[in-house]
């Protein structure tokens, strides 16, 4: 008899468990997303894609403009990027969005850059590509080649996953180099066949011949001696095996200084990041930032605990490379120096590579299209409170709605219930804008602060003499600084977001310049920096986290059904990183709602 009752009890408990599971699956979840930047809008897009057209109700709250830190500003009746402006050729999600929405790319301008230490330029680009090689090797030697084994080890792991087949072509010399005559020149400069090369040089320009010979002399007499061991030149043996052209092209094969910066150290790390696309395609998601970063490579977790300076020195980089080449990317991208943790330092340097691009018409077009495609309901509102409903496990969002009526802004208090809440905005004390979390059994802590960067847009004529140039034609298009404490972090000439060579107005003698600085630039300094000013506009950003090499425990899952996309920014802040964080959260939401179990540990570590 007792056994009969136990069977009935088991049957009813199983029935109710199945009933509850079916009810959860058939119920349409009501999801709130707080924040309309690239993270929030891409989360809305991914959720709509995962759940299907009618599978989820999505409400998105944004008090300002859609796009967040992707913003344009009007100067001289044209629009320019004022926030996140540059995309990497391997930013897969952004590439996919541009294709999906029928947008166009605007290839990054082929400007000349220089590195400035506050007193002089330590490196300036030449208009001649081969001269950049000469100047680069003269100042920095071939020190970065000592990282080749380190990079090869990482790439070998990816070869097993097929990634090297897709991305490894960048390690081989390209046919166009052979056509230009650069590759054979570099192959021969150390083999004392310069005369032979000159005799067989296809180019008839004497100047090119003299430059090639200069390369041979400089490298042979000033560089090779560094490897002389009293009997042979070991470096020459390496070059005989693979060719100096291959070696240099692996590190310095791009045309601009920005490309050169990217070659110094962490391009392989960037290749590791692309593994996340494969994992996310398989539905793998992670509760914490450390788990996600560790899935790409356990080494990345360790890099978040050490400074860029210490990490690169341990890998054999010289002080000059770190202080100049690496630091220029850090001051330009994050307004910080090599004291930031090594992982974000790697992203900074790798993200300065060749083929950089932006969206024609403005990067903000992507979040706008994402929101439209997601079918989410947009509430122009400021969220004041997220309250946990302990009886149901749901949430109440209290907000202030903004409506424009007869050219006046009217406000209205609003409350709405949700099953799931996704915060797509920073939550540190200096950025959270008063969002209160109430009736939770735990206290939330969001340590750290965001770094303030002031963007100054100037329509005017740069004063070339301020930088020590005698002739206006010698002035560079961009200036990167090698240290903090100067009056600006970076300065660069800008083209409008709808720029093309066909629409270029060459008659306009004044340019638009973008200046990033730690504080707002004073009128007196601007009057010295520019010989003529027509218009000045300031944009004050809390642009990215202030990074330190301290262990952090940032969570994508704050509480059951409460998620935080921007936790990923503490690994590295970038457009693509925000989208990766958004996809991770969308997968967490979907997997939990349908009670899906993904063996992420096996997928993430065995494949490495």
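Numbering (the numbering used here), first residue to last: 917 to 1524. For every residue, glycine included, the Cβ atom is placed at its ideal position computed from N, Cα and C.
Cβ neighbours of residue i in the same chain (closer than 8 Å, five flanking residues each side left out)
i	result
residue 1252	1246, 1367, 1400, 1462, 1463
residue 1469	1204, 1206
residue 1525	Missing from the structure shown is residue 1525; the chain here goes from 917 to 1524 and no further.
residue 1328	1316, 1317, 1319
residue 1508	1477
residue 1379	1444, 1445, 1446, 1447
residue 1363	1344, 1468
Unbroken alpha helix (DSSP H) run spanning residue i, endpoints
i	result
residue 1197	1191–1197
residue 1443	1439–1445
residue 1206	1205–1212
residue 948	Per DSSP, residue 948 belongs to no alpha helix (DSSP H); it is in the beta strand (DSSP E), 946–950.
residue 1509	1491–1509
residue 965	954–967
residue 1021	Segment 1021–1023 is the beta strand (DSSP E) holding residue 1021; no alpha helix (DSSP H) there.
residue 1227	1224–1230
residue 1245	1243–1250
residue 1284	1281–1290
7 Å Cβ cutoff met for residue i and residue j
i	j	result
residue 1336	residue 1299	no
residue 1376	residue 1449	yes
residue 1330	residue 1317	yes
residue 1441	residue 1403	yes
residue 1199	residue 1413	no
residue 1334	residue 1356	no
residue 1493	residue 991	no
residue 955	residue 1498	yes
residue 1369	residue 1459	yes
residue 1465	residue 1222	yes
residue 958	residue 1325	no
residue 1240	residue 1014	no
residue 1346	residue 1365	yes
residue 1000	residue 1491	yes
Beta-carbon contacts of residue i that lie in its chain and below 6 Å, excluding the five residues immediately before and after
i	result
residue 1284	982
residue 1005	1271
residue 1224	1254, 1256, 1258, 1261
residue 1296	1318
residue 1349	none
residue 1008	1193
residue 1506	966
residue 1303	1312, 1354, 1355
residue 1044	none
residue 1022	1274, 1276
residue 1437	1372
Limits of the beta strand (DSSP E) - the one that residue i falls within
i	result
residue 1368	1366–1378
residue 1319	1311–1321
residue 1031	1029–1032
residue 1427	1427–1433
residue 1324	1324–1334
residue 1037	1037–1040
residue 1299	1297–1304
residue 995	994–997
Expected contact under 8 Å - CB spacing of residue i and residue j to nearest Å
i	j	result
residue 1260	residue 1487	7 Å
residue 1228	residue 1242	7 Å
residue 1002	residue 995	The pair is not a contact, with the Cβ atoms about 16 Å apart (cut-off 8 Å).
residue 1033	residue 1398	5 Å
residue 1396	residue 1201	With a Cβ gap of about 37 Å, residue 1396 and residue 1201 do not count as contacting.
residue 1281	residue 1500	Their Cβ separation, rounded to whole angstroms, is 24 Å, which puts residue 1281 and residue 1500 out of contact at 8 Å.
residue 950	residue 964	Not quite, the Cβ-Cβ distance comes to about 17 Å (not below 8 Å), so this is no contact.
residue 1191	residue 1212	5 Å
residue 976	residue 1287	7 Å
residue 1249	residue 1264	5 Å
Close beta carbons around residue i, own chain, < 7 Å, minus the five adjacent residues each side
i	result
residue 1480	1339, 1343, 1471, 1472, 1474
residue 1360	1353, 1474
residue 971	944
Residue burial classification, residue i (beta-carbon count within 10 angstroms, cutoff 16)
i	result
residue 1016	exposed
residue 985	buried
residue 1290	buried
residue 1184	With a pLDDT of 47 at residue 1184, under the threshold of 50, the predicted position of this residue should be treated as unreliable, though the coordinate-derived value follows. By the neighbour-count rule (16 or more Cβ atoms within 10 Å), residue 1184 is buried.
residue 1477	buried
residue 1429	buried
residue 926	Residue confidence is low: residue 926 scores 49 on pLDDT, short of 50, so the model does not pin down where it sits. No coordinate-derived value is stated.
residue 902	A query on residue 902 cannot be resolved here, the shown segment of the chain reaching from 917 to 1524 and no further.
residue 1384	exposed
residue 1392	buried
residue 1512	exposed
residue 1048	buried
residue 997	buried
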